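Below is one structure, written out as structure tokens, with a few remarks after it.
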Amino acid sequence: MKINIMVGPVISLFTSTLFMSPLVLAQQQVNQTPAKGVNRLIEEVLVTAQKKAIAERSQDVPIAISAYSGDKVEAMFAVDVTDIGLTSPNVSLTPLLPGVGNFSIRGMGTVGQSIPSSDPAVGIVVDGISYGTIYGVLFDLFDVESVEILRGPQGTLFGRNVTGGAVVLRTARPTDEFEGKVKTTLGSNERMDVMASVSGPLTENFSAKMALLSKSHGDFWDREYSNGGAGKYESLVVRPALRYQSDALDITTIAEVGNVNADGNATRNFYLDGIERNPYGNNESTQAKDGENDLEWKSLTLEANVDVANGVVTTVAGYRELEQNADFDIDGDPNAARFHFAPGTGMKQNQSSLEIRWAGDISDNVNLSTGMYYFEQEYDYRERRLVAQVLDRRGASHIDHSTYGFFAQSDIQLTDAVTLTLGGRYTSEKKDGDIGVIGDPNATGDCTSQSGPPFEDYASLNDCETVFSDSETWSNFAPKLGVSWQVNENLMAYTSYTRGFRSGGYNVRFTDLTFVTNPRDPSSTPGPYDEEVVDAYEIGMKSDWMGNRLRLNLALFYNEFDDLQRTALNASGGQQILNAATAEIQGVEFEGVFLITEQLALEGSYGWVDAQYVTADFLEVATGRPASSFDFTMVPENTRNLALTYFTELDGIGSINTRLSYVFVDSSKGDDFNRAEMSQYELYDASISLTTVDETLQVSLFGKNLKDEIYTNYISDTSSLGTKSLFLAPPRTYGIELTYNF
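In case it helps, mature numbering (1 follows the signal peptide of the UniProt record, and there is no 0) puts the sequence shown at residues -26 to -1, 1 to 716.
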């Protein structure tokens, strides 16, 4: 195992600090009672990441985790998971295309890919249910109880597709007392959001809750070469919940129905007529084509907890349906007569899952979480591409996917201070693929009835035929070994080894027309490609100092990847997903909170990551350059954020809470061949809230991206086809928020 020279000194410093810490802390009054008001600013979030019988303080969990309570999410004015991702080190939870997640943690994600059969590398888990696709994962953060970002592979407890980490969201449960909330937001770009919830008891054992969110705003961007704009958005989410509680039984059922009607991405072309311009010259879209993004979903989740001897049996069952139809402009050419690349896509997915586990103590010094998991999904994918306004390409594919697994993880307390963690998970999965070529319908005799983008007439693509059918089964064992040392009540150190994997599969966006005439050519196939595997090593520290006024958490990691999945072009120009590389990724993460006074707090984080290819045949063969000369796609080397929070009480009036925050994201490469670069960017946010004494009313003013920074989450260099473009990220926004609690 090789460690970069920059990480070595940090590990040495960490180790020396660790063994010196008992002496240092012995000289401090670590057990003194914090000053009044201190705990108002450092919050203790209970997390469920280890799937134990009871939730734990995040500071007591020996993994790298960023945890946010529902109150913290509201104080940040976070709209969706994208905002949360900006505040956690080495984390990116940005969108790629309309409704498609571009999530990455510690350099691992489905960066730059919108292929629905490309499984996530960052898991999205909502109320215990793992989402099976990168579509429809931009979760709105309303009425949430907590958000946990787990950094690093989580294969033992969460299974497949968490090689980067996982985002675990828990929505608010029905309450035993009657309460409600109405929140209205009015802001720039015609923004109007309404969130409402009401919760309370129905009988002695039953309680219920209803939550609703309506969001809308107008155009975020003007058009540089034509009238109109881009960026309109409307959505509606309804979430009812019912809970039954008795002495030994707790059952919660949560349903959700939602839809989004929005524009497609806002594209800026910076290579018009062969002349390159400043990509960030202005915040205006150059596209001539109107985009559209329609998304509908419904889900049902049941969680049952039964108290048994020495533990709890938990059952989590879920079902979800999703349909997305989109039409968007990739290259942003302002000349409507010559679109270079304007695809329309449609995807229908449904999934079901069941997990049954037991968690509890099997002796005074041993606890165990063990269970079984089953998941199945199927999805249809349709695509129509207009290339240069003359090439019309159409195709369709279908995937059936099932997986089951068995897992166990145990904490064994060797001494009062030292705990050994042992875990493992066996997973078996099967995928059946019926794949069509996205090609010329006149040449293939396929998809001939389609006359418009899929979202206009999804059913008209039903005549699309498939040219490839196959089935493959994979199995995997993911072990975990960890040791934690509770130096004293305010300092914990830990180290761990774990393995994770990302599913193999088939490419539903297959474009090689030679496959029609030579379907068994191994250089021209939609799959299968195999699993991607990571062996991860981590050492970390969690600590509270100065009478719990200073919190410092540190993690160092080193990951070895085999069979990295990458998208490449074969000799015929067809798009393939291959196990094309091996890599090493290492980095450092820091998170801290400092209570400067009883009313003033400073919090922040810093992440550094170094991602290096060891081998990458698809790059070396195409360029003749060594793999190590290429940077990973969309992996910024440095990320950091700071937030200053000031709280004060006004006698007889209420309280004021002010928050200023800063985010920095380093530059990164836009594609595997490093032809385009996404510039670094800085974001400044601010808010001030006045809450009445009885906490029934709150008025807030807020602003996001106050510098109106022009930046992007996706950039493309296809100058060989006459275009370079990027997708614009949100501009400056501001508004007023009114909240009434009852």
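Note that the Cβ used here is the ideal one computed from N, Cα and C, for glycine as well.
The model shown is predicted, which means the values in this text are computed figures rather than measured ones.
Burial state of residue i (16 or more Cβ within 10 Å)
i           : result
K681        : exposed
G709        : buried
E329        : buried
R494        : Low confidence applies here, because R494 scores a pLDDT of 49, under 50, leaving its location unreliable and the question unanswered by this model.
V121        : buried
L388        : exposed
D668        : exposed
E463        : exposed
E357        : buried
P63         : buried
A300        : buried
F152        : exposed
F180        : exposed
V47         : buried
residue 717 : Summary: the structure shown does not reach residue 717, with the chain confined to residues -26 through 716, and so no result is reported for it.
S693        : exposed
I39         : buried
Other residues of its chain near residue i: CB distance less than 7 Å, five sequence neighbours each side excluded
i    : result
T697 : N243, Y245, D305, D307 and H314
Q3   : Because Q3 sits at a pLDDT of 32, beneath the cut-off of 50, its placement in the model cannot be relied upon, and the following sentence gives the value as read from the coordinates. The residues are G521.
L223 : V280
Euclidean distance between Cα positions of residue i and residue j
i    : j    : result
A278 : N339 : 27 Å
Q325 : D536 : 29 Å
V35  : Q24  : 8 Å
M346 : T56  : 31 Å
N615 : A49  : 16 Å
A95  : I559 : 15 Å
P127 : S477 : 14 Å
I225 : R525 : 36 Å
G265 : L276 : 37 Å
T377 : F716 : 45 Å
P8   : S602 : Its pLDDT being 38, under 50, P8 is placed unreliably in this model, and the coordinates cannot settle the point.
E505 : G479 : 8 Å
R125 : T622 : 34 Å
S661 : L186 : 24 Å
I689 : N252 : 13 Å
S173 : G59  : 29 Å
E651 : F451 : 38 Å
G456 : T393 : 8 Å
T597 : S66  : 29 Å
P427 : D444 : Note that P427 has pLDDT 47, beneath the 50 cutoff, so the model's placement of it is unreliable and the number below is only indicative. Rounded to whole angstroms, P427 to D444 spans 28 Å at the Cα level.
Residue i - partner residues in DSSP beta bridges
i           : result
T159        : D167 and E711
I513        : T469 and L530
residue 730 : Since the displayed the chain opens at -26 and closes at 716, residue 730 lies outside it and no answer follows.
F180        : Y218
D625        : None, per the DSSP bridge assignment.
S442        : Correcting the residue identity first, residue 442 is Phe in this sequence and not Ser. For F442, which the question treats as bridged, DSSP gives the partners I409.
D518        : R525
M652        : S642
T541        : I551
V231        : V212 and K272
Q560        : Y532 and D584
Q24         : DSSP lists no partner for Q24.
Residue i: CB within 6 Å of a non-hydrogen atom of the ligand GDP
i    : result
R473 : Ligands are entirely absent from the displayed structure, and the ligand GDP is therefore not among its contents.
Residues of its chain near residue i, where Cβ-Cβ distance is below 6 Å and the 5 sequence neighbours each way are ignored
i           : result
A215        : P148, K183 and I228
A240        : W195, A204, G205, S259 and L702
D167        : T159 and K189
S371        : Y355, I409, G410 and V482
residue 726 : Any question about residue 726 goes unanswered here, given that the chain covers just -26 to 716.
Y348        : L328 and Y378
D237        : A204, G205, K206 and G265
E403        : T377 and W448
S699        : T241, N243, D305, G306 and S690
L70         : N76, S88 and Y688
I513        : T469 and L530
Proximity test, Cβ basis, 7 Å: residue i and chain B
i    : result
G238 : Protein chains in the displayed structure number just one, and chain B is not present.
Sequence-distant residues of the same chain with beta carbon closer than 8 Å to residue i, five excluded per side
i    : result
L131 : A23, Q24, K25, S343, F381, Q383, G397 and R399
E119 : S43, G44, R144, T145, A146 and R147
I570 : L576
Can you list, in chain order, the stretches of the beta strand (DSSP E) that have 3 or more residues and sit fully within the segment 321 to 398?
340 to 361 and 365 to 387
Go through the segment 54 to 137 residue by residue and report every complete run of the beta strand (DSSP E) that reaches 3 residues or more, in order.
Listed in chain order, the beta strand (DSSP E) elements of length 3 or more contained wholly in the segment 54 to 137 are 65 to 69, 75 to 79, 96 to 100 and 118 to 125.
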